[in-house]
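*Asks:* Heads up: the sequence shown runs through residues 1310 to 1482, numbered per this note's numbering.
Where a beta carbon is used, it is the ideal one built from N, C-alpha and C, also for glycine.
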Amino acid sequence: MSFARPPATPARRALFRAPVWLYRLGLGGILGDRFVLLTHRGRTTGEARQAVLEVVGGNDATGTVLVASGYGSRSQWFRNILREPRVLFQVGGRRRRGTATVLSPEESGQVLAHYAQRRPRTAMALVRGLGHEVDEGPESFERVGSDPENGVPIVRLAPDDPPPTSYPDLSAR
């Protein structure tokens, strides 16, 4: 089994970074709620870095977003959030300050399996494109997500201030 590597040539890196420029131009809304712009600190330089990641789950009520580190611990953004978990993230036009937390391997497996049930073709293409062997069953996605060595870890982006509820608070009555 061979695993995909992050883009190495300048042209491929530019292609992978194109969605960042959409957000910078104020056009992140066209990517909808399927992608998130993650702004994090470089672990060596301390400078702001950005990556656009696919949303694999979340909770609208809390504003929490779940993203997959397709290249596992080899991803620069993943290595950076391990050093400094305070992040900014934007889904569509909503920007939030929050904290990035890596889920346990078991939780990562469950999230990836659930994602595969909701978006089977996208999940299949993503995981196979990264060099993992999976079939269409959720068990194979759970196996890939829960592999602590070569798997696909999931990261929770939790906002410091959850979004306001759209209904009145009746607890004070």
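#1: Go ahead and pull the three-state DSSP assignment for leucine 1331.
#2: Using only alpha-carbon positions, find the residue among Arg1403, Ala1467, Ile1390 that is nearest to glycine 1338.
#3: How is glutamate 1356 classed by DSSP in three states: helix, strand or coil?
#4: Taking the alpha helix (DSSP H) that alanine 1434 falls in, what are its first and last residues?
#5: Would you be able to state if there are at least three C-beta pairs under 8 Å between the region 1382-1393 and the region 1431-1451?
#6: Within 10 angstroms of its Cβ, does tryptophan 1386 collect 16 or more other Cβ (buried), or is it exposed?
#7: What residue range does the alpha helix (DSSP H) around leucine 1391 cover?
#8: With the cut-off set at 9 Å, would you say alanine 1377 and leucine 1362 are in Cβ contact?
#9: What is the residue span of the beta strand (DSSP E) that proline 1468 lies within?
#10: Classify glutamate 1442 as helix, strand or coil using the three-state DSSP reduction.
#11: Can you list, in chain order, the residues of its chain whose CB lies under 6 Å from that of valine 1469, leaving out five sequence neighbours each side?
#12: Identify, in the order they occur along the chain, each residue of the same chain with its Cβ nearer than 7 Å to the Cβ of asparagine 1389, setting aside the five sequence neighbours on each side.
#13: With DSSP as the reference, label glycine 1351 as helix, strand or coil.
*Replies:* In brief:
#1: Helix.
#2: When the alpha-carbon of glycine 1338 is set against those of Arg1403, Ala1467, Ile1390, the nearest one is in Arg1403.
#3: Glutamate 1356: coil per DSSP, three-state reduction.
#4: From DSSP, the alpha helix (DSSP H) with alanine 1434 extends over 1429-1438.
#5: No: fewer than three Cβ pairs fall under 8 Å.
#6: By the neighbour-count rule (16 or more Cβ atoms within 10 Å), tryptophan 1386 is buried.
#7: Per DSSP, leucine 1391 is one residue of the alpha helix (DSSP H) stretching across 1385-1392.
#8: A contact, by the Cβ cut-off of 9 Å.
#9: Where proline 1468 is concerned, the enclosing beta strand (DSSP E) stretches over 1463-1468.
#10: Coil.
#11: Residue identity check: residue 1469 is aspartate in the sequence provided, not valine. Arg1406, Gly1407, listed in sequence order.
#12: Taken in chain order, the residues that qualify are His1349, Arg1350, Gly1351, Arg1352, Arg1358.
#13: Note: glycine 1351 maps to coil in three-state DSSP.
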